[in-house]
Structure formats: structure tokens, C-alpha cells
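Undergrad:
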Amino acid sequence: MMNRARVRGIDHVGLTVRSLEEAIHDLRNALGAGLCYIEGPIQDPEPGWMARKLGSRGSCILRVAAMNALGTNLELFEYAGADRRSWTATAGEAGTFFLLLRTPRPERIVSRLFTENAVVRPVEEPVFGYEIALPSGIQLAIQRSTSGDEDAGRLIGAVCLNRYDYQGAVSELQGTFGLHQAGEVTAFGASGVLLTGAHGAQLAVLHGHSPSPRPANSDVGGHHVAFHADDVDASIDALRLAGGYAARGDAETITEGPIAGDRWVYLDSPFGLQLELINMPDGMLPYEAEAETRRRPIAAGVLA
């Protein structure tokens with residue numbers, strides 16, 4: 259069933275890291291994630307294109323890696339040459355992003371990290387586990403799952419918002435994007451709700467425990483949430499009618515490279531979170547011919 263935004267669910271979550279190679283290494287090592295493809299280097303096709311379309315700070319060079327981590331699609335960005343600001347906020351503050359995993363044996367994951375220069379902090383309450391800062395700039399919360407936890411083993415993207423954006427995000431993501439509440443989440447000192455849809459990845463939306471400036475897309479720690487749309491242009495129109503959403507220019511279709519055929523556009527939302535609408539024709543993408551790992555399609559049969 260379609261919703262007001264005319265989307266199927268969350269296609270991927272994206273994060274800007276310090277080093278693409280380090281991030282790929284960290285996620286392979288910690289979670290057994292598989293690399294789908296690397297795209298780029300991508301340069302501004304015209305002055306100001308990346309700032310206008312992606313929300314970067316000035317002209318820059320971009321490389322992108324896509325990974326499948328426990329069935330969740332991750333998109334990792336590395337910018338070079340941009341006016342990047344030093345991002346010193348810790349996970350849990352408003353404006354930050356981290357990855358959450360609930361598993362019966364969190365110590366098994368942590369044991370892989372002690373020789374990898376990761377900062378590991380044990381946590382006892384309210385859920386036993388570990389909060390981890392990886393060298394690449396990725397923050398991980400690994401929590402012990404309880405008996406019957408349906409989310410165990412699923413990697414979850416978690417966004418931390420300020421007091422006002424938090425309320426708006428929960429309302430809009432449910433009322434406009436068709437997600438529903440599937441539980442509660444507390445990690446890195448922030449608390450909120452777990453949202454899920456009929457298809458795609460889950461998203462934890464948390465009320466950040468202290469104010470912090472929001473990172474740009476080109477800052478380490480910059481992040482976005484991408485929704486699959488059968489018709490990206492129709493979804494743009496629907497969100498304009500919903501009010502408060504502003505597309506960053508017109509939708510574009512990638513014509514060459516590993517994901518030729520992908521149609522996409524970024525949007526600014528009324529609750530401060532950067533969003534993307536995307537139609538990634540999984541099953542027909544050039545990278546798939548030689549890839550050891552493929553992206554997880556938004557839903558079986560959606561693109562058939």
C-alpha cells in the first residue's frame with residue numbers, strides 16, 4: 259500500500275566518513291559487511307553542483323562505497339577538497355548518527371576490534387552492551403538482545419535530533435512516509451523510537467541529549483536517509499503537496515558507472531533530516547555482473 263510520500267520504505271542510510279578504505283575495513287571486520295561497489299571519483303559537473311544537489315560545503319571530489327551489512331544497505335561518502343569542518347560531536351548528541359546492532363553475543367563482535375584502534379566502552383544500563391568509536395568515524399552501539407527480540411541481527415541506522423526536530427520527525431515519518439513504531443531504543447545516552455515499514459531498513463529516531471550543530475553532507479558525520487520510490491518524480495510532487503519538503507533541484511538519472519539507471523534526488527525536510535528519494539533498479543545494475551556482494555533490494559517483486 260502506498261502512502262502520502264508514495265514510497266516503499268527505506269532503501270539505505272548514508273554516512274560521510276574520514277576514509278572510505280578505513281570504513282570498508284571497519285565494517286568488514288566488525289560486522290562481516292560485503293562491499294557492493296565503489297563509485298567515483300565524482301567531481302562537480304558545473305560550479306556549485308555538489309553544494310546545490312548534495313549539500314556539501316563548496317566544490318569537492320566525492321567517492322562513494324555501497325555495502326550490504328547484515329541485510330541493511332549502507333552508503334559511505336568520502337569527500338576531498340571540500341571546506342570540511344572538524345566534527346567533534348559525540349554520538350548521542352543532536353545532529354549525530356550511529357549504527358545499532360542487537361545480538362545475543364555482543365562480546366563476539368567486540369573481540370574483533372581490540373587490535374583495530376577502536377575505542378570500546380562497556381555499558382551496563384539500560385541495556386548491556388558496548389558503545390564503539392571506529393577509526394573511520396563510524397559509531398556503533400552493540401547491545402545484547404533479549405529472548406524473542408525480532409530485531410536481533412538487523413543493523414539499524416540511528417539519527418539523533420534536537421527536541422523539536424525529534425517530535426516532527428516521528429510524526430512525519432509515520433504520517434507521511436508510512437513507517438510505524440516497532441519499539442523503543444536507548445543508546446549513547448539518547449532515547450527514542452524504532453521505526454519500520456513494510457519493506458526496507460529500519461530507522462531509530464532519538465532525542466539527542468545535548469544541542470549540536472548539524473553537519474553538512476561533506477562533513478565527517480554527515481548523513482541522510484534514502485527512501486525507495488517507484489516513481490521519484492511523483493514522490494517529489496507528493497511531498498511538495500505535503501508541505502515543508504524542498505527538493506534539491508530536479509531528479510537526475512545516472513547514465514554511466516556501476517549504478518547506471520539509478521534515479522535520485524535529495525530533499526531537505528521540515529524536521530531537519532536530509533532525505534533522498536531513489537529508484538535503484540536492482541537486478542539491472544552494471545556493478546552486479548562482477549560483484550561478490552549485492553545490495554538488498556527494497557522488496558522482492560517491487561521492481562519486477
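Just so we're aligned, residue 259 is where the sequence shown starts under my numbering, counting upward by one.
Glycine included, each C-beta is placed from N, C-alpha and C at the ideal position.
(1) Could you tell me if V377 is buried or exposed, where buried requires 16 or more neighbouring beta carbons within 10 angstroms of its beta carbon?
(2) I'd like to check one pair, G290 with L320: are the Cβ atoms closer than 7 angstroms?
(3) Would you call the CB atoms of V478 and G395 closer than 7 angstroms?
(4) So within the stretch 359-436, which uninterrupted beta strand (DSSP E) runs reach at least 3 residues, ignoring any that extend past its ends?
(5) With C-beta atoms as the reference, is A288 less than 7 angstroms away from I367?
(6) What does the Cβ neighbour count give for Y295, buried or exposed, with the cut at 16 atoms within 10 Å?
(7) Nearest-angstrom Cα distance between G458 and F335?
(8) Mapping DSSP to helix, strand and coil, what is D266?
(9) According to DSSP, what are the bridge partners of D526?
(10) For G450, which residues from the same chain have a beta carbon less than 7 angstroms from its beta carbon, with the 5 sequence-adjacent residues on both sides left out?
(11) Per DSSP, which residues does N537 bridge with? Please list them.
(12) Hey, which unbroken runs of the beta strand (DSSP E) at 3 residues or more fall wholly within the stretch 452-491?
(13) Determine the direct distance from the alpha carbon of E548 to that of V417, and round the result to whole angstroms.
(14) Could you please give me the residues that DSSP links to F446 through a beta bridge?
(15) Please report how far the alpha carbon of G411 lies from the alpha carbon of G272, in whole angstroms.
(16) Starting from M308, follow the alpha helix (DSSP H) in both directions and report where the run begins and ends.
TA: If we stick to the structure as given:
(1) Burial is judged here by how many other beta carbons sit within 10 angstroms of a residue's own beta carbon; V377 has fewer than 16 and is exposed.
(2) Contact flag unset, no.
(3) yes
(4) Residue ranges of uninterrupted beta strand (DSSP E) with 3 or more members, entirely inside the stretch 359-436 and ordered along the chain, are 377-381, 387-391, 397-402 and 413-419.
(5) yes
(6) buried
(7) 21 angstroms
(8) Going by the sequence as given, residue 266 is Arg instead of Asp. In this structure, DSSP gives R266 a state outside helix and strand, which the three-state scheme calls coil.
(9) A504 and Q532
(10) The residues Y424, V443, A462, V463, L464 and H465, in chain order, have a CB closer than 7 angstroms to that of G450 in the same chain once the five nearest residues on each side in sequence are set aside.
(11) R521
(12) 461-465 and 481-486
(13) Each residue's Cα considered, the two are about 33 angstroms apart.
(14) Looking at the DSSP assignment, F446 forms no beta bridge with any residue, so it has no partner.
(15) Linking G411 to G272 through their CA atoms gives a straight-line distance of about 20 angstroms.
(16) W307 to L312
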